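When we follow my numbering, the leftmost residue of the sequence shown carries the number 21, and every step to the right adds one.
Ideal placement from N, C-alpha and C gives every residue a C-beta, glycine not left out.
Please read all numbers here as calculations on a predicted model, not as lab measurements.
Everything below concerns the one structure shown next.
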Amino acid sequence: MDYLVLILCLYLLWGLFQALFFVARGGRKARPSNLPLSPWPLPIIGNLLQLGDLPHKSLAKLARAYGPIIKLELGFVTTVVISSPALAKEILQTHNAVFSNRMVPDSVMAHDHDKLSMLWVPVSPLFRYLRKIYNSHIFSSKKLNLIQHLRSKKVQELITSVRRCACAGEAVNISEVAFRTSLKAISNTIFSLDMMEPLNPARELKEVVWQIMVEVGKPNLADYFPVLKKIGPHGSKHRLEAHFEKMFDIFEDLIERRLQLRMGSGSIKCHDVLDNLLDLVEDKTETLDMSLVKHLFLDVFVASSETTVSTLEWAMTELLCSPEKLLRAQAELHQVIGKGKQIEEADISRLPYLQAIAKENFRLHPVGPLLAPQKSGEDFIAGGLAIPKGAQVLINVWAIGRDPSIWDDPGKFMPERFLGSDIDVRGQNFELLPFGGGRRICPGLPLAMRMLPLMLGSLINIFNWRLEEGATPENMNTEDKFGIAIQRAESLKAVPIPT
Ligand code: HEM
């Protein structure tokens, strides 16, 4: 009720303001003629209702009606949506400097995360420094190679747990097992330990990561009506503050234990990310301090879990709905690796069809369908149309991935389209941008491109799969759910059968 009154007051104020503005301009309408086309906005809320529950789909529909660049008023936030590879290239490559900063959601300002996290800080010396840390100390090929045995071990554990279900004839909840494996792989990469072990004090991390993802994925009125920021209409920032605090407590505890271990006589280095970063913190010439380390770990855990899980779940869904593609992938694996064997990272380059499946899956199901929101740093002309300074810029990579003028039969899962094609996901081909592009391209790409084929390839090389009793490709719910990453609306449950 309070909100209704507030919205009504805002509405009256807005009407009054518009009337005064109109009179002050002498009754002329002063709209630059080269603004992108725009569906008609309602007073106050603008085009918010047109977003619906699945904004990437609603925006793709609007792009079909209004063109590849459209302008929306989302409450008080002018938003430009881009839906073509040529315009995406202008934003992410040719003029990337203008669009490199983020539009920061209100909730992530908890604990100053917006000022200390690479995801949100504006391009600045701090941003470049953090980027260097990710590229050189976390995700460089050398660092990733050094601990690939840890990831391999986690995939082995995944296989063991799936084998148990296979023996019992039980269905596996794919997102659940993938979430565990992905969290274990990342916690081993960072801390050389398994946070999912029952006796591990950090095991609650899984629950907190999940709660953070749910919270950040929720729409928040304060992002569209800045006047509501002080009130915090949904309490999101407050709840995130508590979740972040829990994560920081866990990290502090792990850091403290490691510091003590390092001080012990004859201590052995772990060569994991924590050791590398503690070396940098101790080197006083470096910018890194404990606070930055904690915010960095927070980003890594949150950004890596859901993205990897959701991608794997979609890939399994597509394969189970296209048995002939699954058979072709298995034939390749049987021939190159040997039937029933777990695949290793070094095998991936010898598996072109598996790689094609990964690309086709990213084309149809990019987990960040609108990328992370960018902000226009100046008035800018793209494709002959004006993007106002300060506007939020969204790139609808979901719409680009399903554009019939770019892809033959775009709704169909056809990995073959990528065989013999140079199109890659590394931000250079603007028709396929699951990891974004430009200076803010996903830094976790090298890890994701190892983990996904590793998990997917092993799951289909070691097991045959059938859908749960009663489920068929035709009656499966393959709808999306919009959140921090788009997920399947319904979890995939499938029964493994040893090959
Ligand atoms: C399937 C896996 C993944 C997908 C599809 C994915 C996708 C994305 C996308 C679309 C963006 C936004 C890029 C843009 O706005 O241009 C992004 C940013 C980011 N991702 Fe990922 N990601 C994945 C895995 C990971 C992993 C494993 C990590 C880290 C461990 C990670 C960390 C980040 C961070 C820190 C950013 C922010 C970069 C910045 O703003 O400068 N991601 N990711």
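Please state whether DSSP places Gly456 in a helix, a strand or coil.
-> Residue mapping note: residue 456 aligns to position 436 of the sequence shown, counting from 1. If DSSP states are grouped into helix, strand and coil, Gly456 belongs with coil.
Pairwise C-alpha distance: His315 and Asp309 = Your numbering for residue 309 matches position 289 in the sequence shown. Your numbering for residue 315 matches position 295 in the sequence shown. Rounded to the nearest whole angstrom, the C-alpha separation of Asp309 and His315 is 10 Å.
Can you tell me whether DSSP reads Ile363 as helix, strand or coil?
-> Counted from its first residue, the sequence shown places residue 363 at position 343. Residue state, collapsed to three classes: coil.
Among Gly95, Gly490, Asn481, Pro454, the one whose alpha carbon lies nearest that of Asp243 | Position 223 of the sequence shown, counted from the start, is the residue given in the question as residue 243. Closest option to Asp243, Cα to Cα, is Gly95.
Assigned secondary structure, Val143 (DSSP; H/G/I helix, E/B strand, else coil) | Position 123 of the sequence shown, counted from the first residue, corresponds to residue 143. The answer is coil: DSSP assigns Val143 none of H, G, I, E or B.
Length of the line joining the Cα atoms of Thr519 and Ser441 | Translated into the one-based positions of the sequence shown, residue 519 becomes position 499. Translated into the one-based positions of the sequence shown, residue 441 becomes position 421. Using only the alpha carbons, I get a separation of about 31 Å.
Excluding the five sequence neighbours on either side, which residues of its own chain have a C-beta within less than 6 Å of the C-beta of Pro493, listed in chain order?
-> One-based indexing of the sequence shown puts residue 493 at position 473. Result list for Pro493: Cys341, in chain order.
Taking buried to mean at least 16 other C-beta atoms within 10 Å of its own C-beta, is Cys187 buried or exposed?
-> Numbered from 1 along the sequence shown, position 167 holds the residue referred to as residue 187. Exposed, since its Cβ has fewer than 16 Cβ neighbours within 10 Å.
Out of curiosity, what's the CA-to-CA distance linking Pro393 and Lys409?
-> Here residue 393 is taken as the residue at index 373 of the sequence shown, counted from 1. Here residue 409 is taken as the residue at index 389 of the sequence shown, counted from 1. The alpha-carbon atoms of Pro393 and Lys409 are separated by roughly 14 Å.
Indicate, with yes or no, if the ligand HEM has a heavy atom lying under 7 Å from the CB of Thr337.
-> In the sequence shown, counting from the first residue as 1, residue 337 sits at position 317. With a threshold of 7 Å, the Cβ atom of Thr337 does not count as near the ligand HEM, since no heavy atom of the ligand is closer than that.
Given 8 Å as the limit, is there contact between the segment 418-431 and the segment 441-454, that is, 3 or more CB pairs closer than that?
-> Short answer: they touch.
Starting from Ile345, follow the alpha helix (DSSP H) in both directions and report where the run begins and ends.
-> By 1-based counting over the sequence shown, the position of residue 345 is 325. Looking at the sequence itself, residue 345 is Lys, so the reference to Ile does not match. Here the alpha helix (DSSP H) through Lys345 covers 343-356.
Sort Pro63, Gly87, Leu74 by Cα distance to Gly404 and report the nearest one.
-> Start at 1 with the first residue of the sequence shown, and residue 404 comes out as number 384. Of the candidates Pro63, Gly87, Leu74, the one whose C-alpha sits nearest the C-alpha of Gly404 is Gly87.
Leaving out five residues on either side along the sequence, give the residues of the same chain with a beta carbon under 6 Å from the beta carbon of Arg148.
-> Taking the sequence shown and counting its residues from 1, one reaches residue 148 at position 128. Cβ neighbours of Arg148 beyond the five flanking positions: none.
Check whether the Cβ of Asp319 lies closer than 7 Å to any heavy atom of the ligand HEM, and answer yes or no.
-> On the sequence shown, residue 319 is found 299 positions in, with the first residue counted as 1. At least one heavy atom of the ligand HEM is nearer than 7 Å to the Cβ of Asp319, so yes.
Report the option in Lys395, Val413, Ile232 whose CA atom is closest to the CA atom of Ser325.
-> The residue labelled residue 325 in the question sits at position 305 within the sequence shown. Cα-wise, what sits closest to Ser325 is Ile232.
What residues in its chain sit with their C-beta under 8 Å from that of Leu203, if we drop five residues either side in the sequence?
-> The count along the sequence shown starts at 1 and reaches residue 203 at position 183. By the criterion of a C-beta distance shorter than 8 Å, Leu203 is surrounded in its chain by Met215, Met216, Leu225, Lys226, Val229, Phe321, Ser325, once the five residues flanking it on both sides are discounted.
Ile517 burial status per 10 Å Cβ neighbour count (16 or more: buried) | Walking along the sequence shown from the start, residue 517 turns up at place 497. Exposed, by the Cβ-count rule.
Give the straight-line distance between the Cα atoms of Arg437 and Ile270, rounded to the nearest whole angstrom.
-> On the sequence shown, position 417 is the one that residue 437 refers to. On the sequence shown, position 250 is the one that residue 270 refers to. If you take the alpha carbons of Arg437 and Ile270, they lie about 45 Å apart.
Just how far apart, CA to CA, sit Met1 and Phe317?
-> This structure does not reach residue 1, given that the chain is present from 21 up to 519, and the question cannot be answered.
For Lys135, count neighbouring C-beta atoms within 10 Å of its own C-beta (all shown protein chains included) and say buried if the count is 16 or more, exposed if not.
-> As a working note, residue 135 is residue 115 in the sequence shown. Exposed, by the Cβ-count rule.
Coil, strand or helix - Gln176 by DSSP = As a first step, residue 176 is located in the sequence shown; it is residue number 156 there, counting from the start. Here Gln176 sits in helix by DSSP.
Given Pro253 as reference, the closest of Glu261, Glu265, Asn240, His263 once Cα atoms are compared = Locating residue 253 in the sequence shown gives position 233, counting from the first residue. Comparing alpha carbon positions, the residue from Glu261, Glu265, Asn240, His263 closest to Pro253 is Asn240.
Gly458 and Ser120 look like a contact to me (Cβ under 8 Å); what is the Cβ gap, rounded to whole Å?
-> Counting from one through the sequence shown, the residue named residue 458 turns up at place 438. Counting from one through the sequence shown, the residue named residue 120 turns up at place 100. The distance from the Cβ of Gly458 to that of Ser120 is about 7 Å, consistent with a contact at the 8 Å cut-off.
Within the present structure, is the beta-carbon of Met138 separated from the nearest heavy atom of the ligand HEM by less than 7 Å?
-> Your numbering for residue 138 matches position 118 in the sequence shown. Because some heavy atom of the ligand HEM lies under 7 Å away, the Cβ of Met138 counts as near it: yes.
Starting from the C-beta of Arg171, find all residues in its chain whose C-beta is less than 6 Å away, skip the five residues before and the five after it, and write them out in chain order.
-> For the purposes of this step, residue 171 is identified with residue 151 of the sequence shown, where counting begins at 1. Shown here for Arg171: same chain residues with a beta carbon closer than 6 Å to its own, the five before and five after excluded, namely Ala205 in chain order.
Where does Arg200 land, buried or exposed, given buried means 16+ other C-beta within 10 angstroms?
-> Taking the first residue of the sequence shown as position 1, residue 200 is located at position 180. With 16 or more other CB atoms across the displayed protein chains lying within 10 angstroms of its CB, Arg200 is buried.
Determine the direct distance from the alpha carbon of Ile461 to that of Asn54, and round the result to whole angstroms.
-> As a position in the sequence shown, residue 54 is number 34, starting the count at 1. As a position in the sequence shown, residue 461 is number 441, starting the count at 1. One C-alpha to the other measures close to 30 Å.
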